[in-house]
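If you read the protein sequences in the order shown, they are chains Y and V.
Under this note's numbering, the residues of the first sequence are numbered 1 to 258, in order.
Under this note's numbering, the residues of the second sequence are numbered 1001 to 1261, in order.
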Amino acid sequence: MNFFAIIGRAVLDLLAQIGRVTRFTGQTLAAIFSAPFYGRLLAQQIMRIGYFSLPVVGLTALSTGAVLALQIYLGGNRYGAEAIVPQIVVLGITRELGPVIAGLMVAGRVAAAIAAELGTMKVTEQIDALTTLATNPIKYLVVPRLLAAVISLPVLTAVGDSIGVLGGYLVSTYNLGFTGSIYLKNTVDFAKTDDITSGLIKAAVFGFIIAIMGCYNGFFSKGGAQGVGAATTNAVVASSILILAADFVLTAILFHAS
Amino acid sequence: MTGPSSSNKKIELIGVKKRFGSKVVLDGVDLCVEKQSSTVIIGGSGTGKSVTIKSILGILTPDEGTIRIDGEDVTRLKGAARDPLMKKFGMLFQGGALFDSLPVWENVAFGLIQGHGVARAKAKDIAIEKLAKVGLTSDVAYLSPAELSGGMQKRVGLARAIAADPEIIFFDEPTTGLDPIMADIINDLIVSTVKDVGATALSITHDMTSARKIADRIAMLYQGKIIWNGPTAEIDRSGNPYVDQFIHGRAEGPIKMAVKA
């Protein structure tokens, strides 16, 4: 095939893909606002997406906070600015690392699981079976997962923020010679509501990305075990990349940076 | 248009065409299934049998042609407008397509609870009654589909298909993957349950034993068209070399199997 044809084919495939994702998202959003509503399924998904992600998000937040404190201390040391540790830790965690780490961890854990589950349902005709049983598959499968992810991610991030700050606090007080009460006072005095809410808004958007990418790749997987494997990989890769891209755009919007 | 002449037609396909990319799968399918009759579509793999059923179900939308159910044009009916129509349908899938996250009784009761808004307790009673109709005892109701053998999964799939007393039941390769005895049992069950519910049946299969047993009429699909359609008793005297080759399973004949898809 000639060189230009290869590029053309790739561009067309990409555009077709974007079109399908957009249409799928539109169908899902429309389905949220019409009956029936599946409350039981939503609760189930909040458990699976939110609650069971707590250990992995908590653990990564703890270690990130701890390492961040250590690095800022060592870096600040060069300018005699070690005292800034609590301020930078809380800013870095709430604005950036809390939501991004929660997002990436949940992307790995949940987007993969959703894509594998729905992909298997697709190739074993269970999604078609839903249709024949007078049930809209998007309403039954996608909407509960999307709402659960959008609700869970900010909560996970709030928990991760607290644990991340705790990580910084532990390292600072035990290893770096900070006084606990002063560390906490500096943290609380410095952090603004905007720092925290901007992180939570980001987290909700990341939840949206994770659920849509997981569901979309599952819904359109084909060709048995190999297809489901590819769908799982695509879901994780696509949601991770989109999370990082969205993070940049959201930071620019939320903080009016130009 | 529900004139007196069309009143006995349950399902009607007129010139239905469907292609995927450059591959033409249905090339003008014409088919009529009468009320409370059983039609079986036969044909080799990849001749568009599944696409035909999925087009009627609305899972796929035909590129051209018309599909009528009870005289109403449903070809491009979508979303909420399609809901009342879907309640007329029941389907037994080739692999069962049971929901592995739900126990057997919830699989059977699924359409009743989600589609028809029946209360869970009542739907459960109906599910257990339908399971009994396909020869399964109530202790099976609490098992997970993964714990069942292939034959039992087919039975559960059949119970699910008839649970909401559908007007039309579709059977996709109902005997594939079963041993000959179990296949015969499933065929008998299909015949008896369809009569019992008073439904119209449309099946696809390449198993001639099954087709002869469950069909009132047989239609043969070849290269995207119905090339023969007649009463089951007449299939041995069709005078159509394609049909003869297929029903006798001969490698030699006018049908050339595409080795490469």
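For each residue, glycine too, the CB sits at the ideal point set by N, CA and C.
Since we're looking at a predicted model, the values are computed, not measured.
When DSSP states are grouped into helix, strand and coil, V/Ala-1201 belongs to the strand group. Under the Cβ distance rule, V/Gln-1153 does not count among the residues neighbouring chain Y, no pair being separated by less than 7 Å.
Only residues of its own chain outside the window of five on either side were considered, and among them Leu-1136, Val-1140 have a CB closer than 8 Å to the CB of V/Met-1152, listed in chain order. Close CB contacts of V/Asn-1240 within its chain, under the 6 Å cut and outside five residues either way in sequence, are with Trp-1228 (chain order).
Each of V/Gly-1177, V/Ile-1186, V/Met-1091, V/Ile-1042 was checked against the Cα of V/Asp-1244, and the nearest Cα belongs to V/Ile-1042.
In this structure Y/Met-121 touches Y/Ile-127 by the C-beta definition: roughly 5 Å separates them, less than 8 Å. With contacts defined by Cβ atoms closer than 7 Å, V/Ala-1123 and V/Ala-1132 do not form a contacting pair. Rounded to whole angstroms, Y/Asn-2 and Y/Ile-18 show a C-alpha spacing of 25 Å. Neighbourhood of Y/Gln-226 in chain V, by CB distance below 7 Å: empty, with the nearest CB roughly 17 Å away.
Within chain V, the residues Phe-1093, Gly-1095, Gly-1096, Ala-1097, Leu-1098, Asp-1100 have their CB atoms less than 9 Å from the CB of Y/Thr-124, given in chain order. The beta carbon of Y/Asp-128 sits closer than 7 Å to some beta carbon of chain V. Three or more beta-carbon pairs separated by less than 8 Å are not found between the stretch 218-232 of chain Y and the stretch 84-92 of chain Y, which leaves the two stretches without contact.
Between Y/Ala-148 and Y/Leu-42, the C-beta spacing is below 7 Å.
In the assembly as shown, V/Thr-1205 is a buried residue. Its beta-carbon has 16 or more other beta-carbons within 10 Å. Spatial neighbours of Y/Leu-97 in its own chain (CB-CB distance under 6 Å, excluding positions within 5 residues in sequence) are listed in chain order as Thr-64. Contact annotation for Y/Thr-131 against chain V: Leu-1057, Gly-1058, Ile-1059, Met-1086 [CB-CB distance below 8 Å, chain order]. Under DSSP, V/Thr-1175 forms no beta bridge with any residue. At the C-beta level, Y/Ala-246 and Y/Ile-163 stay beyond 7 Å of one another. Not a single CB atom of chain V sits nearer than 7 Å to the CB of Y/Thr-25. Contact residues of the stretch 18-44 of chain Y toward chain V are Ser-34, Pro-36 (C-beta to C-beta distance below 8 Å).
Within the model, the alpha-carbon separation for V/Gly-1249 versus V/Ile-1255 is close to 11 Å.
Taking all protein chains shown into account, V/Asp-1073 has fewer than 16 neighbouring C-beta atoms within 10 Å of its C-beta and is therefore exposed.
Per DSSP, reduced to three states, the secondary structure at Y/Tyr-79 is coil, with no helix or strand assignment. Judged by DSSP secondary structure, V/Met-1220 falls within the beta strand (DSSP E) whose first and last residues are 1217-1222.
Taking one beta carbon from each stretch, the stretch 63-82 of chain Y and the stretch 195-204 of chain Y have fewer than 3 pairs nearer than 8 Å; the two do not touch. Rounded to the nearest angstrom, the gap between the Cα atoms of V/Leu-1143 and V/Ala-1201 is 29 Å.
Beta bridge pairing from DSSP links Y/Asn-175 with no other residue. The beta strand (DSSP E) runs lying completely inside the stretch 1058-1087 of chain V and spanning 3 residues or more are 1064-1069, given in chain order.
One finds Ala-134 in chain Y with Cβ atoms closer than 8 Å to the Cβ of V/Asp-1083, taken in chain order. With 16 or more other Cβ atoms from the protein chains shown falling within 10 Å of its own Cβ, V/Val-1033 counts as buried.
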